[in-house]
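The block underneath contains the structure these notes are about, expressed in structure tokens.
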């Protein structure tokens, strides 16, 4: 009967596809889920270093790129085997809460202040980063903030604090977006914006925006790798995650990070073992 | 720099070059959304028909809920499925988070209400029409369901295509439960978001064009099959 055949085919197809989907997912068990930040993913760093790690160990690293706040939350709930983020204060708190057992500085890059080429707030002549932020607040020119509790957002808020400004008002626009969308929006409304250098260099849709201020130590952006607590989340792949963590701070891993260039620029500077994380 | 022309050439280059990564992304998109729509149809068609045929207390409420859930925001569906599948959630033991299976589940949640609600509507109209005839032949309601569904098959095909359209077009749910992992859970829509975030707008738009083309092809296929069947059956 036609109806039966039709329903039968439909059911068969559905089951076959459900199995195929599952098979694809379980193909390779030697992988870890790494919660990391959008900046590391979007700058292309992972595309460059993950194949080298895979060659050395046979382990696939599956990157879930989210804001630092969400990355912490994923790890807290036991959904990530490993963490690579850039919020030193948050990372230390994470260890104190007992969710992670060890933190290692891995690399740094820096934040840059970007704005329209005419520079209406004249931040290019600022003495330091705090002065640049104060000038933006004085001029009340549009500033696009991530507003998403990411590592970059947290760093930006600390800089406002050091400038003695409580940002708010019509010129201060909290977008609640990742770095890329924030740059897209800033380009659209000729706003000032703070970005990590890696995302900026990899970013194409710049329109009138350019780097106006950089180089201050206060704009230092440290990345750290965390070992998640085995006690809290015994189900995670701690052995594989430990191999990844140790590879990152090994000579090979550090070299792989140093070798990554985009448009002839080195974007991340390895500094494992150095005491420069505060 | 950015123009539609640019995006169009990018799309063409991607299609002609049969870029391996792109093929993988397209295949996964189709696999996830087609699986979701098939399972949702297997559940939604009988469910919708059952609500159409039986009168029970709270039926009005069920219909209202089904209709309301047609407007479920994908990101909310994603969040709910994430909380269920997260290790800290009730189904965490299954280890499904950040796999294609999780994406299928989220999309089923999104399109099941559409298929069930619209099926209810279509079969109820036919039930009103054929009720006397069917009962005079002593056809039970359970036996009447396949007949009514079959009779409404052309309308229901459109319903299923609407479900497929929603599944393949949404990004909020698959982004949260899949994690947009390169080579594992990256589908067309999440790839488009990623390229947009990178400011790579021509590539993002190019991918969008390819997605639209694929959905159009599937719709064309369904349309032609429907026309052929209509012609044969008179």
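Protein chains in written order, with this note's numbering: chain A, 1 to 278; chain B, 1 to 234.
Here a beta-carbon is modelled for each residue, glycine too, at the ideal position from N, C-alpha and C.
Being a predicted model, the structure only gives us computed values, none of them experimental.
Strictly under 8 Å for the Cβ-Cβ distance: is residue 235 of chain B near chain A by that measure? Nothing can be reported for residue 235 of chain B: it is not among the residues displayed for chain B, which extend from 1 to 234.
Any beta carbon of chain B sitting closer than 8 Å to that of residue 202 of chain A? The residue labelled residue 202 of chain A in the question sits at position 202 within the first chain. Interface with chain B (8 Å Cβ-Cβ cutoff): residue 202 of chain A is included.
Give the DSSP-derived three-state secondary structure of residue 202 of chain B in the structure shown. For the purposes of this step, residue 202 of chain B is identified with residue 202 of the second chain, where counting begins at 1. Helix.
Members of the segment 74-87 of chain A that neighbour chain B once the beta carbon cut-off is set at 7 Å: Only those residues of the segment 74-87 of chain A whose C-beta falls short of 7 Å from the nearest C-beta of chain B are listed: 77, 78, 79.
At which residue ranges does the segment 53-127 of chain B contain complete alpha helix (DSSP H) runs of 4 or more residues, listed in the order of the chain? Taken in chain order, the whole alpha helix (DSSP H) runs of length 4 or more contained in the segment 53-127 of chain B are 59-69, 74-85.
Answer yes or no: does any C-beta atom of chain B fall closer than 8 Å to that of residue 227 of chain A? Counting from 1 along the first chain, the entry for residue 227 of chain A is found at position 227. Using beta-carbon distances, residue 227 of chain A does not count as an interface residue toward chain B, since no partner is under 8 Å.
Using the Cα positions of residue 229 of chain A and residue 87 of chain B, report the straight-line distance between them to the nearest angstrom. The count along the first chain starts at 1 and reaches residue 229 of chain A at position 229. The count along the second chain starts at 1 and reaches residue 87 of chain B at position 87. Residue 229 of chain A and residue 87 of chain B: Cα-Cα distance of roughly 14 Å.
Residue 170 of chain B burial status per 10 Å Cβ neighbour count (16 or more: buried): For the purposes of this step, residue 170 of chain B is identified with residue 170 of the second chain, where counting begins at 1. Residue 170 of chain B comes out buried.
Report yes if the C-beta distance between residue 202 of chain A and residue 52 of chain A is below 8 Å; otherwise report no. Taking the first chain and counting its residues from 1, one reaches residue 202 of chain A at position 202. Taking the first chain and counting its residues from 1, one reaches residue 52 of chain A at position 52. At a Cβ-Cβ threshold of 8 Å, residue 202 of chain A and residue 52 of chain A do not count as neighbours.
Drop a sphere of 10 angstroms on the beta-carbon of residue 235 of chain A, count the other beta-carbons inside from all chains shown, and report buried for 16 or more, exposed for fewer. For the purposes of this step, residue 235 of chain A is taken as the residue at position 235 of the first chain. Exposed is the label assigned to residue 235 of chain A, since fewer than 16 other Cβ atoms lie within 10 Å of its Cβ.
Any chain B beta carbon closer than 8 Å to residue 37 of chain A: Here the question's residue 37 of chain A lines up with position 37 in the first chain. Chain B, which has no Cβ nearer than 8 Å to the Cβ of residue 37 of chain A, makes this no.
Bridge-paired residues (DSSP) for residue 224 of chain A: Within the first chain, the letter at position 224 stands for residue 224 of chain A. Paired residues: A:85, A:105.
Would you say residue 64 of chain A reaches chain B, if we count a Cβ-Cβ gap shorter than 8 Å as a contact? Taking the first chain and counting its residues from 1, one reaches residue 64 of chain A at position 64. Chain B contact via Cβ: present.
Going by the beta-carbon positions, is the gap between residue 107 of chain A and residue 146 of chain A smaller than 8 Å? Within the first chain, the letter at position 107 stands for residue 107 of chain A. Within the first chain, the letter at position 146 stands for residue 146 of chain A. Taking 8 Å as the Cβ cut-off, residue 107 of chain A and residue 146 of chain A do not qualify as a contacting pair.
For residue 27 of chain B, does the three-state DSSP call read helix, strand or coil? Along the second chain, read from residue 1 onward, the residue named residue 27 of chain B stands at position 27. If DSSP states are grouped into helix, strand and coil, residue 27 of chain B belongs with the helices.
Please look up how many angstroms separate the CB atoms of residue 80 of chain A and residue 35 of chain A, rounded, as I've assumed it's under 8 Å. Mapped onto the first chain, residue 80 of chain A falls at position 80. Mapped onto the first chain, residue 35 of chain A falls at position 35. About 4 Å separates the beta carbons of residue 80 of chain A and residue 35 of chain A, which is inside the 8 Å limit, making them a contact pair.
CB contact below 8 Å: residue 209 of chain A versus chain B: By 1-based counting over the first chain, the position of residue 209 of chain A is 209. Nearest CB-CB separation between residue 209 of chain A and chain B: not below the 8 Å threshold.
Contact set between residue 98 of chain B and chain A, taken where Cβ atoms lie within less than 8 Å: What you label residue 98 of chain B is simply residue 98 of the second chain in a count that begins at 1. Simply 33, 62, 64, 79.
Indicate whether residue 240 of chain B and residue 81 of chain B have their beta-carbon atoms separated by less than 8 Å. As displayed, chain B neither begins before 1 nor continues past 234, which places residue 240 of chain B out of reach and without an answer.
Should residue 29 of chain B be flagged as near chain A, meaning a C-beta pair shorter than 8 Å? Along the second chain, read from residue 1 onward, the residue named residue 29 of chain B stands at position 29. Answer no: the Cβ-Cβ gap between residue 29 of chain B and chain A never drops below 8 Å.
Tell whether a beta-carbon distance below 8 Å holds between residue 152 of chain A and residue 196 of chain A. One-based indexing of the first chain puts residue 152 of chain A at position 152. One-based indexing of the first chain puts residue 196 of chain A at position 196. Taking C-beta atoms as the reference points, residue 152 of chain A and residue 196 of chain A count as a pair closer than 8 Å.
Would you kindly check if the distance between the Cβ of residue 140 of chain A and the Cβ of residue 194 of chain A is under 8 Å? For this step, residue 194 of chain A is matched to residue 194 along the first chain. For this step, residue 140 of chain A is matched to residue 140 along the first chain. No.
Residue 89 of chain B and residue 83 of chain B: beta carbons closer than 8 Å? Reading the second chain from its first residue, position 89 is the one you call residue 89 of chain B. Reading the second chain from its first residue, position 83 is the one you call residue 83 of chain B. Yes, the pair counts as a contact, with Cβ atoms nearer than the cut-off.
Does residue 180 of chain A get closer than 8 Å to chain B when you measure Cβ to Cβ? Position 180 of the first chain, counted from the start, is the residue given in the question as residue 180 of chain A. At least one chain B Cβ lies under 8 Å of residue 180 of chain A.
Start and end of the beta strand (DSSP E) containing residue 251 of chain A? As a first step, residue 251 of chain A must be located in the first chain, where it is residue number 251. Per DSSP, residue 251 of chain A is not a residue of any beta strand (DSSP E); the alpha helix (DSSP H) it occupies stretches across 251-259.
So with CB distances below 7 Å, who are the chain A contacts of residue 184 of chain B? Walking along the second chain from the start, residue 184 of chain B turns up at place 184. Correct list: 62.
Determine the direct distance from the alpha carbon of residue 181 of chain A to that of residue 137 of chain A, and round the result to whole angstroms. Translated into the one-based positions of the first chain, residue 137 of chain A becomes position 137. Translated into the one-based positions of the first chain, residue 181 of chain A becomes position 181. Looking at the two C-alpha atoms, the distance is approximately 22 Å.
Between the alpha carbons of residue 111 of chain A and residue 221 of chain A, how many angstroms are there, rounded? Indexing the first chain from 1 puts residue 111 of chain A at position 111. Indexing the first chain from 1 puts residue 221 of chain A at position 221. Taking the straight line joining both Cα atoms gives about 6 Å.
Measuring alpha carbon to alpha carbon, tell me which residue in B:153, B:145, B:155, B:199 is nearest residue 52 of chain B. Sequence index remark: in the second chain, residue 52 of chain B carries index 52 (1-based). Closest option to residue 52 of chain B, Cα to Cα, is B:145.
Helix, strand or coil, according to DSSP, for residue 37 of chain A in the structure here? As a working note, residue 37 of chain A is residue 37 in the first chain. Shown here, residue 37 of chain A sits in a strand according to DSSP, grouped into three states.
Near residue 223 of chain A, what residues of its chain come up, given a Cβ to Cβ distance below 6 Å and the 5 sequence neighbours on each side ignored? Along the first chain, read from residue 1 onward, the residue named residue 223 of chain A stands at position 223. 86, 106, 107.
Please compile the residues from chain B whose C-beta is within a distance smaller than 7 Å of the C-beta of residue 235 of chain A. As a working mapping, residue 235 of chain A is identified with position 235 in the first chain. For residue 235 of chain A, the residues of chain B that pass the 7 Å Cβ criterion are 87, in the order they occur in the chain.
Could you check the C-alpha separation between residue 16 of chain B and residue 210 of chain B for me, to the nearest Å? As a first step, residue 16 of chain B must be located in the second chain, where it is residue number 16. As a first step, residue 210 of chain B must be located in the second chain, where it is residue number 210. The alpha-carbon of residue 16 of chain B is positioned some 11 Å away from that of residue 210 of chain B.
What residues match up with residue 270 of chain A in a beta bridge as DSSP calls it? Here residue 270 of chain A refers to the residue found at position 270 of the first chain. Answer is A:107, bridged to residue 270 of chain A.
Between the C-alpha atoms of residue 205 of chain A and residue 193 of chain B, what's the straight-line distance to the nearest angstrom? As a working note, residue 205 of chain A is residue 205 in the first chain. As a working note, residue 193 of chain B is residue 193 in the second chain. Those two C-alpha atoms are separated by around 14 Å.
Is any beta-carbon of chain B found at less than 8 Å from that of residue 276 of chain A? For the purposes of this step, residue 276 of chain A is taken as the residue at position 276 of the first chain. Confidence in residue 276 of chain A is poor, its pLDDT being 48 and thus under 50, which makes the residue's placement unreliable; the coordinate value appears in the next sentence. Answer no: the Cβ-Cβ gap between residue 276 of chain A and chain B never drops below 8 Å.
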